Ligand code: 3PG
């Protein structure tokens with residue numbers, strides 16, 4: 165990673181700050197109340213460092229067309245509750261209403277703008293040419309009233325829309341505390357893992373997990389990869405075990421046009437690194453709603469595989485016990501159903517008890533850990549789903565690239581902000 169600037173490098177008292185967070189959260193389908201507020205809680209350390217600024221917060225919530233695509237007024241209320249401070253909301257992003265609300269701000273005030281994905285430029289202007297994003301009205305107007313841009317939105321750092329990368333050449337861009345925490349923890353697990361380092365990859369986004377597996381094996385980061393969930397099923401199938409048409413078709417449907425490429429990548433992993441991959445020796449079937457565990461030798465089956473088998477789960481627990489570093493992503497089964505949560509819960513509990521440094525990718529596993537109150541027992545629970553997986557797959561995230569470019573471009577301005585600190 166190139167040099168980026170952090171909140172420790174600058175003195176922002178008295179400044180007007182644009183803070184991009186990822187407050188995209190699961191909301192109740194009827195009343196839009198927060199089902200999980202961990203992404204808002206995660207940016208509080210950054211907000212608390214900006215108490216003497218005029219703080220303007222930007223976030224997205226979901227995407228147009230989705231049920232939970234709403235205004236961010238509820239986010240302002242939730243922040244107000246979490247912070248115990250007044251958080252104003254304006255139903256506008258960069259128009260007249262937003263500007264009059266900004267003009268009325270005093271130092272110490274917090275203003276949350278509306279869902280940035282209600283702005284058409286945010287949806288349309290996705291480009292790797294960050295300089296061209298300066299031409300958007302969105303960037304021009306908001307950069308005209310702010311002194312700096314802080315990116316604390318790790319969970320959408322893999323996106324290249326104006327609210328993430330548009331300020332690269334317009335304002336000094338600085339990483340927030342959550343962003344730095346995510347980058348340091350993930351880098352630490354990737355660059356200096358305490359051995360043995362194991363990855364446990366599950367869930368049904370098999371293509372994403374395969375990219376992570378490829379990078380970690382190629383860079384010799386992991387000693388072993390345990391596959392669970394949908395990932396395990398495809399590994400079993402491609403190692404010559406017929407998992408049954410119902411399971412094969414499910415994976416084909418989930419992967420869509422990524423099926424061929426994902427299968428090709430898995431075949432290569434199996435042939436080049438067979439000794440490092442631990443596949444299940446048994447699985448749990450959903451037989452008319454009831455759990456039935458069978459050995460791999462009893463496959464194929466006409467029933468759906470819904471969990472890791474009991475023996476394989478114990479194998480995973482013992483690997484976890486002996487590990488120095490663990491990277492966990494994706495559930496081992498359909499944990500929402502009581503009969504099929506055993507694999508996922510056992511793996512999570514073993515990770516929470518383990519002395520290893522555990523990194524959990526955002527998404528279902530992270531939400532479950534947060535809801536179980538186990539996050540404190542885990543080294544790092546990422547707030548990022550896709551962003552975390554792209555990072556672990558060795559890809560450069562657009563938001564990080566933007567911070568690096570801006571650090572170079574605004575080096576002098578940032579030095580000036582530093583001098584004020586001394
Ligand atoms: C996420 O929840 O992963 C982030 O908020 C990014 O959302 P997106 O996939 O809709 O860009």
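Residue numbers (our numbering): 165 to 586.
All residues carry an ideal CB built from backbone N, CA and C; glycine is no exception.
Treat the numbers as computed from the prediction; the structure is a model and nothing was measured.
Residue i classed as buried or exposed, judged by whether at least 16 other C-beta atoms fall within 10 angstroms
i	result
residue 564	buried
residue 193	exposed
residue 547	buried
residue 410	exposed
residue 346	buried
residue 549	buried
residue 357	buried
residue 288	exposed
residue 228	exposed
residue 535	exposed
residue 268	exposed
residue 471	buried
residue 454	exposed
residue 435	exposed
residue 249	exposed
residue 307	buried
residue 199	exposed
residue 501	exposed
residue 566	buried
residue 452	exposed
Where the alpha helix (DSSP H) through residue i begins and ends
i	result
residue 468	That residue, residue 468, is in no alpha helix (DSSP H); its beta strand (DSSP E) goes 468-472.
residue 436	423-437
residue 459	No alpha helix (DSSP H) holds residue 459; the beta strand (DSSP E) holding it covers 454-459.
residue 170	Here residue 170 belongs to no alpha helix (DSSP H), and DSSP marks it neither H nor E.
residue 416	409-419
residue 240	237-247
residue 199	Residue 199 -> no alpha helix (DSSP H), and no H or E assigned at all.
residue 390	Counting along the chain, residue 390 falls outside any alpha helix (DSSP H), though it belongs to the beta strand (DSSP E) covering 388-391.
residue 530	528-535
residue 555	550-556
residue 208	208-212
Beta-carbon gap between residue i and residue j smaller than 8 Å
i	j	result
residue 486	residue 360	yes
residue 430	residue 389	no
residue 281	residue 224	yes
residue 327	residue 286	yes
residue 246	residue 221	no
residue 445	residue 408	no
residue 433	residue 377	yes
residue 182	residue 232	no
residue 437	residue 450	no
residue 201	residue 320	no
residue 443	residue 481	no
residue 373	residue 365	yes
residue 257	residue 278	yes
residue 310	residue 168	no
residue 234	residue 283	no
residue 317	residue 412	no
residue 542	residue 515	yes
residue 302	residue 329	no
CB-CB length for residue i against residue j, believed under 8 Å
i	j	result
residue 385	residue 483	Not quite, the Cβ-Cβ distance comes to about 16 Å (not below 8 Å), so this is no contact.
residue 176	residue 214	6 Å
residue 178	residue 568	With 8 Å as the limit, residue 178 and residue 568 do not qualify as a contact, their Cβ atoms being about 27 Å apart.
residue 581	residue 174	4 Å
residue 400	residue 460	7 Å
residue 508	residue 495	4 Å
residue 518	residue 337	Contact doesn't hold; Cβ gap of about 37 Å is too wide.
Host beta strand (DSSP E) of residue i (start-end)
i	result
residue 489	489-493
residue 362	361-365
residue 313	312-315
residue 376	Unbroken run through residue 376 is the alpha helix (DSSP H), 370-382; no beta strand (DSSP E).
residue 184	180-184
residue 222	218-222
residue 451	446-451
residue 321	Per DSSP, residue 321 belongs to no beta strand (DSSP E) and is neither H nor E.
residue 230	No beta strand (DSSP E) contains residue 230, which DSSP labels as neither H nor E.
residue 275	274-276
residue 262	Per DSSP, residue 262 belongs to no beta strand (DSSP E); it is in the alpha helix (DSSP H), 260-267.
residue 339	337-339
Check whether the region 530-543 and the region 289-299 are in contact - that is, three or more C-beta pairs closer than 8 Å. no
Given 8 Å as the limit, is there contact between the region 518-525 and the region 336-354, that is, 3 or more CB pairs closer than that? yes
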